[in-house]
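**Q**
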Amino acid sequence: MNMMRTAMLLATMTALFMGVGYLIGGSGGMTIAFLIAAGMNLFSYWNSDKMVLRMNHAVEVDERNAPEYYAIVRGLAANAGLPMPKVYLIDSPQPNAFATGRNPENAAVAASTGLLQRLSHEEVAAVMAHELAHIENRDTLIMTVTATLAGAISMLGNFAFFFGGNRDNNNPLGFIGVLVAMIVAPFAAMLVQMAISRTREYSADRRGAEICGNPLWLASALDKIARNVERIHNPQAERNPAMAPLFIINPLSGERMDNLFSTHPNTENRIAALQAMANEGVGRPAQRTAPQPTAQRSAPSGQQGPWGGRPAEEAAPEQPRPSGPWGRNPTGPKGPRS
Numbered sequence: 001m002n003m004m005r006t007a008m009l010l011a012t013m014t015a016l017f018m019g020v021g022y023l024i025g026g027s028g029g030m031t032i033a034f035l036i037a038a039g040m041n042l043f044s045y046w047n048s049d050k051m052v053l054r055m056n057h058a059v060e061v062d063e064r065n066a067p068e069y070y071a072i073v074r075g076l077a078a079n080a081g082l083p084m085p086k087v088y089l090i091d092s093p094q095p096n097a098f099a100t101g102r103n104p105e106n107a108a109v110a111a112s113t114g115l116l117q118r119l120s121h122e123e124v125a126a127v128m129a130h131e132l133a134h135i136e137n138r139d140t141l142i143m144t145v146t147a148t149l150a151g152a153i154s155m156l157g158n159f160a161f162f163f164g165g166n167r168d169n170n171n172p173l174g175f176i177g178v179l180v181a182m183i184v185a186p187f188a189a190m191l192v193q194m195a196i197s198r199t200r201e202y203s204a205d206r207r208g209a210e211i212c213g214n215p216l217w218l219a220s221a222l223d224k225i226a227r228n229v230e231r232i233h234n235p236q237a238e239r240n241p242a243m244a245p246l247f248i249i250n251p252l253s254g255e256r257m258d259n260l261f262s263t264h265p266n267t268e269n270r271i272a273a274l275q276a277m278a279n280e281g282v283g284r285p286a287q288r289t290a291p292q293p294t295a296q297r298s299a300p301s302g303q304q305g306p307w308g309g310r311p312a313e314e315a316a317p318e319q320p321r322p323s324g325p326w327g328r329n330p331t332g333p334k335g336p337r338s
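Straight run, no breaks: the sequence shown in full-length UniProt numbering ends on number 338.
#1: Taking Cβ positions, are ALA125 and TRP217 nearer each other than 8 Å?
#2: Is the CB-CB distance between CYS212 and ALA129 below 8 Å?
#3: Evaluate the contact criterion for the region 221 to 240 versus the region 117 to 124: three or more CB pairs, one atom per stretch, below 8 Å.
#4: Near THR267, which residues of its chain fall below 6 Å by C-beta distance, leaving aside the five closest residues on each side in sequence?
#5: Is PRO325 helix, strand or coil when you go by DSSP?
#6: For a minimum of 3 consecutive residues, which ranges assigned as the beta strand (DSSP E) are wholly contained in the region 67 to 100?
#7: Is it a yes or a no for the region 198 to 208 touching the region 103 to 123, going by three-plus beta-carbon pairs under 8 Å?
#8: Which stretch, first to last residue, makes up the alpha helix (DSSP H) that contains VAL127?
#9: Is PRO251 near MET143, with beta carbons less than 8 Å apart?
#10: Out of curiosity, what's the CA-to-CA distance linking GLU313 and ALA242?
#11: Please state the DSSP three-state secondary structure of TRP307.
#12: Can you tell me whether DSSP reads GLU210 as helix, strand or coil?
#13: Consult DSSP for VAL109 and reduce its assignment to one of helix, strand or coil.
#14: Can you tell me the Cα-Cα spacing of VAL61 and THR113, whole angstroms?
#15: In the DSSP assignment, what residue or residues form a beta bridge with GLU238?
#16: Decide if PHE98 is buried, meaning its Cβ has at least 16 other Cβ atoms within 10 Å, or exposed.
#17: What is the rounded straight-line gap between the Cα of ASN106 and the Cα of PRO85?
#18: Give the DSSP-derived three-state secondary structure of VAL52 in the structure shown.
#19: Please report how far the alpha carbon of LEU82 lies from the alpha carbon of THR12, in whole angstroms.
#20: Beta-carbon within less than 6 Å of MET8's beta-carbon, same chain only, minus the 5 sequence neighbours each way: which residues are those?
#21: Report the three-state DSSP secondary structure of VAL61 (helix, strand or coil).
#22: Is it right to say PHE43 is buried, meaning 16 or more other beta carbons lie within 10 angstroms of its own, or is it exposed?
#23: Evaluate GLY281 with the Cβ neighbour count: other Cβ atoms within 10 Å of its Cβ, from every protein chain shown; 16 or more gives buried, anything less gives exposed.
In structure tokens:
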């Protein structure tokens with residue numbers, strides 16, 4: 001079923017790509033667009049994950065340079081029965097995360113330094129569980145390839161402005177066709193991308209809550225991320241808006257309406273669904289504790305919370321400690337996890 005859905009998606013995006021080519025250059029333009037789309041489909045299948053990670057300046061980390069973060073992902077992957085994915089870190093103050101890869105055996109998860117600084121241990125675990133759910137459901141290939149093709153269609157629409165008005169081309173609709181290619185085609189690609197992303201987020205929320213063992217951890221994380229995304233910009237995402245549906249929360253802006261034009265479901269609706277799961281007792285009792293790093297910090301007497309400080313609900317996420325809750329400077333001279 002997943003392979004069939006992926007094939008249908010690729011066919012739809014390829015047809016849209018060919019339609020833009022036809023509007024710009026007639027039958028010749030459609031043929032060229034088809035060849036480009038076919039090449040991009042093949043290239044995206046094998047390399048779209050690497051492209052997305054590179055565009056976000058993600059750096060691979062391991063248990064030596066990010067032991068706590070790596071241990072969380074390793075424990076959650078074991079809970080879900082998944083192969084250990086590659087683990088990446090993005091040097092960005094905006095708290096966010098995404099997963100990518102063509103299958104569970106070739107998958108990667110990425111979190112921003114802002115996510116590790118501003119969320120508690122349990123909330124980070126819940127976010128990474130959500131991303132592992134996307135990997136388990138094989139959403140990552142569909143979402144990453146769609147992001148790649150949507151960006152290409154938008155770029156092709158921009159080309160129409162410069163090259164579509166030439167009288168010597170075979171554009172059957174003239175300037176009207178150019179306008180359609182510039183406006184309607186990228187918009188249609190955006191709608192396809194949004195519909196795919198929004199339908200998969202609720203499923204990943206539910207499965208992620210089962211993996212980490214507590215829906216309220218993810219509900220709290222979504223609330224914190226959404227509030228911070230509204231005021232902290234993500235320059236990489238702004239330059240490549242087609243990547244927005246990959247993230248757990250839209251990195252471009254704080255969406256307030258659960259409608260056709262939002263890249264993600266309304267955050268309040270997602271939180272309400274997770275709270276309903278908690279009321280139903282969803283979450284395996286054996287997994288009620290977040291996966292812990294191999295070396296735990298000792299909490300001073302009278303103090304609680306995942307880092308031996310104030311409880312997570314009392315901490316102010318907008319004012320993280322300078323070194324971050326992971327005890328390292330995430331922006332040091334030797335890279336994001338030095």
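We treat Cβ as the ideally placed atom computed from N, Cα and C, and that holds for glycine. A quick note: this is a predicted structure, and the numbers were derived from the prediction, not measured.
**A** Result, derived from the coordinates:
#1: yes
#2: yes
#3: yes
#4: LEU222 and ALA226
#5: Legend: pLDDT at PRO325 = 41, less than 50; position of this residue unreliable, value from coordinates given subsequently. PRO325 falls in the coil class under three-state DSSP.
#6: 86 to 90
#7: no
#8: 121 to 136
#9: no
#10: For GLU313, the predicted structure reports a pLDDT of 39, less than 50, and the residue's modelled location is therefore unreliable. A value from the coordinates is still provided. Whole-angstrom Cα-Cα distance: 34 Å.
#11: Reliability of the predicted coordinates at TRP307 is poor, the pLDDT of 31 falling under 50, and the value obtained from them is presented with this limitation in mind. It is coil, neither helix nor strand.
#12: helix
#13: strand
#14: 12 Å
#15: DSSP, once it has assigned bridges, lists no residue as partnering GLU238.
#16: buried
#17: 7 Å
#18: helix
#19: 30 Å
#20: none
#21: strand
#22: exposed
#23: exposed
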